[in-house]
Amino acid sequence: MSEARFPAAVTGAAPIPTESAAEQAIKRIRAPRYDFARFEAKWRARWEEQKIYQVDLRQAPRPYYNLMMFPYPSAEGLHVGNFYSYVGSDLHGRLMAMQGHSVFEPIGFDAFGIHSENFAIKRGIHPRILTAHNVEHFREQQLKRMGNRFDWSHELNTTDPDYYRWTQWIFVQLFKGGLAERKAAPVNWCPHDKTVLADEQVINGRCERCDSIVERRWLEQWFLKLTNYAGRLLDNLDSLDWSERVKASQRNWIGRSQGLEFRMEIDGKPGSYVEVYTTRPDTIAGMTFVALAPHHALVTEITASSYRDRVRAYQETVNSLRTQQEQTMTGAFTGAYAIHPFSGERIPIWIADFVLEGYGAGAVMGVPAHDERDFTFARQENLPVHVVVQPSSEPTVDAATMTEAFTQAGMLVDSGAYTGMPSAQAQEAICDWFEQRQLGRRSIKYRLRDWLISRQRYWGPPIPIIYCSEHGAVPVPDDQLPVLLPDVEQWMPTGTGVSPLAAIEDFVNTTCPVCGQPARRETDVSDNFLDSAWYYLRYSSSNDQQEAWNPEMTRRWLPVDMCIGGADHSVLHLMYVRFIAMALHDLGLLEFSEPFRRFRANGTITRDGAKISKSRGNVINPDHYIEHLGADAFRMYLMFMGPYEADGDFSDRNIGGVVRFLDRVWQLVRQHRQSTAMQQPAAREEQRMLHVTMKRVTEDLQAFKYNTAIATLMEYLNALTRKAHTTDQEIETLLLLLAPIAPFISEELWEQTGHASSIHTVSWPIYDPEAIQQEMFWLPIQVDGRVRDRIEVSADAPEAIIKQQAISTTRIQRYIAEHPIQNIIYVPGRLINIVTR
1 MSEARFPAAV
11 TGAAPIPTES
21 AAEQAIKRIR
31 APRYDFARFE
41 AKWRARWEEQ
51 KIYQVDLRQA
61 PRPYYNLMMF
71 PYPSAEGLHV
81 GNFYSYVGSD
91 LHGRLMAMQG
101 HSVFEPIGFD
111 AFGIHSENFA
121 IKRGIHPRIL
131 TAHNVEHFRE
141 QQLKRMGNRF
151 DWSHELNTTD
161 PDYYRWTQWI
171 FVQLFKGGLA
181 ERKAAPVNWC
191 PHDKTVLADE
201 QVINGRCERC
211 DSIVERRWLE
221 QWFLKLTNYA
231 GRLLDNLDSL
241 DWSERVKASQ
251 RNWIGRSQGL
261 EFRMEIDGKP
271 GSYVEVYTTR
281 PDTIAGMTFV
291 ALAPHHALVT
301 EITASSYRDR
311 VRAYQETVNS
321 LRTQQEQTMT
331 GAFTGAYAIH
341 PFSGERIPIW
351 IADFVLEGYG
361 AGAVMGVPAH
371 DERDFTFARQ
381 ENLPVHVVVQ
391 PSSEPTVDAA
401 TMTEAFTQAG
411 MLVDSGAYTG
421 MPSAQAQEAI
431 CDWFEQRQLG
441 RRSIKYRLRD
451 WLISRQRYWG
461 PPIPIIYCSE
471 HGAVPVPDDQ
481 LPVLLPDVEQ
491 WMPTGTGVSP
501 LAAIEDFVNT
511 TCPVCGQPAR
521 RETDVSDNFL
531 DSAWYYLRYS
541 SSNDQQEAWN
551 PEMTRRWLPV
561 DMCIGGADHS
571 VLHLMYVRFI
581 AMALHDLGLL
591 EFSEPFRRFR
601 ANGTITRDGA
611 KISKSRGNVI
621 NPDHYIEHLG
631 ADAFRMYLMF
641 MGPYEADGDF
651 SDRNIGGVVR
661 FLDRVWQLVR
671 QHRQSTAMQQ
681 PAAREEQRML
691 HVTMKRVTED
701 LQAFKYNTAI
711 ATLMEYLNAL
721 TRKAHTTDQE
731 IETLLLLLAP
741 IAPFISEELW
751 EQTGHASSIH
761 TVSWPIYDPE
771 AIQQEMFWLP
781 IQVDGRVRDR
791 IEVSADAPEA
801 IIKQQAISTT
811 RIQRYIAEHP
821 IQNIIYVPGR
831 LINIVTR
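The opening position of the sequence shown corresponds to residue 1 in UniProt numbering, with each subsequent residue numbered one higher.
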């Protein structure tokens with residue numbers, strides 16, 4: 001895309017670039033001795049011209065869908081974390097392709113949403129213009145240069161009306177299926193981004209995007225009923241082949257608990273009750289207060305007149321979510337009391353910021369002696385502490401002297417009929433008591449909340465709902481989709497809780513699809529996570545104008561065979577994409593209910609041991625490294641830093657080793673081509689080394705142990721360079737094993753060695769198990785666990801012969817002369833241990 005197509009605001013906003021300290025540091029790394037810039041450009045062009053990465057989706061014999069999370073084109077460019085994830089995913093895709101699969105590896109752009117709009121605000125450029133410019137830069141200057149096997153014929157962009165038409169259609173299906181509703185609710189409001197946030201977008205009381213302290217507001221918003229699927233989202237995790245840390249994050253976020261939900265009468269208000277949920281019914285006798293969420297529906301009804309002003313004032317102070325996330329806890333007494341279900345005592349009712357409105361009933365019983373949070377609050381507010389569970393063994397707990405809550409199970413005390421019971425038995429008996437009297441019931445609760453998708457911003461798909469005074473909220477008919485986002489000049493967020501679209505009369509005013517009377521459009525746009533919750537379904541049907549996904553294509557290619565991405569998306573994208581798949585399945589629109597057969601989470605990159613951030617001045621710009629060292633060296637170093645699924649530490653000091661390795665590969669292949677010596681068959685040990693290398697590299701790549709696969713290639717290169725002459729088989733195998741990691745240099749050297757076809761279309765080398773077997777090997781001999789000698793034995797020698805050889809050596813005879821042998825343990829191929837008396 002030429003710069004002439006953009007106003008000066010885009011092409012001239014940045015100052016004249018100067019060479020940064022980071023760029024100077026990169027230039028101190030010795031560049032490769034081969035001309036990577038020439039042949040990388042050559043192969044990019046040839047791969048695109050020959051379409052070697054395009055797959056015939058209808059005819060592919062062995063479909064394999066390799067997915068990576070598409071990027072936000074919302075900054076100066078892809079960061080090193082994106083490259084780390086994408087290169088690792090591509091390496092897997094290349095391996096699968098060489099092993100005979102028809103690999104579909106698409107890419108696109110998650111271009112709507114706060115990320116892109118905030119960057120537009122920062123630059124002072126309309127998001128439509130800036131996003132188009134960024135997409136072009138990401139595609140041409142970064143994604144294509146990194147060397148991935150992307151199939152660009154299925155590129156997606158969520159801002160394309162042909163895409164968000166179907167995002168809106170999915171919303172309509174959810175609405176018709178009862179899974180989308182508009183309701184008033186306390187929501188997370190970011191004062192900086194001037195919009196609401198889903199719970200998953202709030203981290204420690206702050207906006208996950210801009211780090212502003214999040215406030216609480218009551219607004220009418222659209223929600224998707226994520227909680228309807230809490231149980232399935234949790235239970236299905238057990239059978240998913242996903243990274244364990246992602247599954248653990250989702251389990252924790254869903255937060256299933258089993259307990260008792262019971263009601264307590266409000267003192268002086270016959271017929272009024274407060275519903276309380278607890279996971280520790282055995283501690284009910286120790287309840288000394290009840291705490292409600294600050295905006296609980298009962299607060300207005302029960303607050304005594306003399307306490308109303310201070311309660312209102314307190315409610316105002318807790319509009320910031322920060323207090324709910326920190327260790328300090330605050331509250332206000334309502335002047336009301338509940339009646340204890342066992343003793344009939346009056347229990348004070350407080351409102352407190354540690355009680356969440358959406359969890360349980362928004363009310364908790366305060367048992368300071370047996371809950372750490374309640375204990376802290378009680379000590380702070382001078383509330384009584386009543387011990388009702390004692391440890392099963394000494395020492396006992398004393399309310400007057402305890403410095404922390406006793407939260408473990410034990411034996412009940414001071415609990416009436418339940419005194420003397422173990423906690424587990426008492427819990428069942430107490431639940432029975434409540435259920436028999438119809439005062440409560442056993443209940444399963446989830447921490448998970450419904451997905452709030454309304455955004456009071458401009459840059460997103462308009463929510464396809466029309467409000468009619470007669471028919472209420474009416475979905476936009478399918479034949480009127482997409483509801484196009486107007487191209488306007490006044491697009492900045494208002495901060496009023498209303499989208500900028502509300503000021504556009506031509507957009508707002510419409511007619512009801514049911515009765516034809518004047519009506520008004522919804523002016524909020526949807527969360528960009530709804531765009532990305534179904535993109536994997538669209539890739540294989542990207543050119544289909546009649547339906548969101550073609551059933552035949554979906555049946556052939558889905559669910560996704562492998563998805564790779566960051567663990568930081570565990571409870572955002574990865575939760576939502578599962579929910580949408582389940583919902584569409586239940587609506588009869590998909591044949592499967594889980595989107596990905598396998599998911600692997602890549603690690604996070606640090607730099608010289610420190611977290612990467614602009615404030616630290618240690619941001620890694622991939623463009624600089626590719627410009628100076630080439631894509632192959634950068635790819636290979638990223639994969640060599642450490643285990644791919646663990647965190648990796650980037651250091652300029654270490655990247656030089658990879659550059660030298662590729663230089664040596666280049667030199668070795670050139671020497672092999674120029675050699676005039678007649679080739680001799682490789683000796684048995686050389687053949688063994690070749691096949692051991694094939695085996696190790698194959699197994700490590702399949703297990704995402706990319707760093708150890710590269711280490712094995714380095715060992716093999718060392719072995720080859722020590723030889724006087726190399727064989728064609730050795731050189732070809734080296735290049736084939738290197739191809740997924742360093743695709744450009746492998747392709748160039750493959751051509752130089754006389755091959756007409758692309759190396760990336762050649763079959764992966766298969767090792768011969770028999771060739772790996774050693775004729776003779778050295779076996780350590782231990783006596784009582786300590787190595788005392790070793791023997792050389794035949795690989796096919798019987799165990800009895802090996803044991804006899806072991807005890808016959810001169811050194812071993814000295815050690816066992818005075819100590820009779822009790823046992824001889826043989827670990828085949830590893831060691832012998834002689835155990836004496």
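Note that the Cβ used here is the ideal one computed from N, Cα and C, for glycine as well.
Looking at the backbone, the Cα of L237 and that of G93 are separated by about 25 Å. For Q258, the enclosing beta strand (DSSP E) begins and ends at 256–265. Bounds of the beta strand (DSSP E) holding V274 are 273–278. For the 9 Å CB-CB criterion, V397 and A426 do not form a contact. If the five residues before and after V172 are omitted, its C-beta is found closer than 8 Å to the C-beta atoms of P464, P475, V476, D478, L481, all from its own chain and listed in chain order. The criterion of a C-beta distance shorter than 9 Å is not satisfied by R263 and G81. Per DSSP, reduced to three states, the secondary structure at Q782 is strand.
In terms of CA proximity to V274, V299 leads the group Y706, V299, R598. Here DSSP, grouped into helix, strand and coil, assigns M562 to strand. DSSP lists no beta-bridge partner residue for I759. Annotation for T698: the continuous alpha helix (DSSP H) segment containing it runs 684–702. In the displayed model, R62 falls within coil according to three-state DSSP, outside both helix and strand. Between I710 and M776, the gap from beta carbon to beta carbon reaches 9 Å or more. A distance of 9 Å or more separates the beta carbons of F592 and L574.
In the three-state reduction of the DSSP assignment, I463 falls in the coil class, being assigned neither a helical nor a strand state.
In the three-state reduction of the DSSP assignment, G603 falls in the coil class. Within the model, the alpha-carbon separation for D235 versus A313 is close to 43 Å. Residue burial is scored here from C-beta neighbours: K51 has fewer than 16 other C-beta atoms within 10 angstroms and is therefore classed as exposed. Beta bridge pairing from DSSP links G108 with L156. Exposed is the label assigned to R30, since fewer than 16 other Cβ atoms lie within 10 Å of its Cβ. In this structure, the alpha-carbon of V658 lies about 10 Å from that of L629. According to the DSSP secondary-structure assignment, S499 is paired through a beta bridge with no residue.
Boundaries for Y446: no alpha helix (DSSP H) harbours it, while the beta strand (DSSP E) harbouring it runs 440–446, taken from the DSSP string.
Looking at the DSSP output, R346 shares a beta bridge with I339.
Sorting D90, I741, W764 by C-alpha distance to the C-alpha of Y637 places I741 at the top. When the alpha-carbon of G785 is set against those of I801, R123, M96, N833, the nearest one is in N833.
Between R790 and W778, the C-beta gap is smaller than 9 Å, which places the two residues in contact.
Taking 9 Å as the cut-off, the beta carbon of R216 is found no closer than this to the beta carbon of D193. Of the other Cβ atoms in all chains shown, fewer than 16 fall within 10 Å of the Cβ of V827; this residue is therefore exposed. The DSSP-derived three-state label of A797 is coil. Under the Cβ criterion (8 Å, minimum of three pairs), the stretch 552–567 does not count as touching the stretch 500–510. One Cα belongs to A548, the other to F289, and the distance between them is close to 54 Å.
Counting every other CB atom within 10 Å of its CB across the protein chains shown gives K705 a total of 16 or more, marking it as buried. The stretch 449–463 and the stretch 525–538 touch, with three or more beta-carbon pairs separated by less than 8 Å.
DSSP lists A180, W451 as the bridge partner or partners of L224. When the beta-carbon positions are compared, T334 and I349 come within less than 9 Å of each other.
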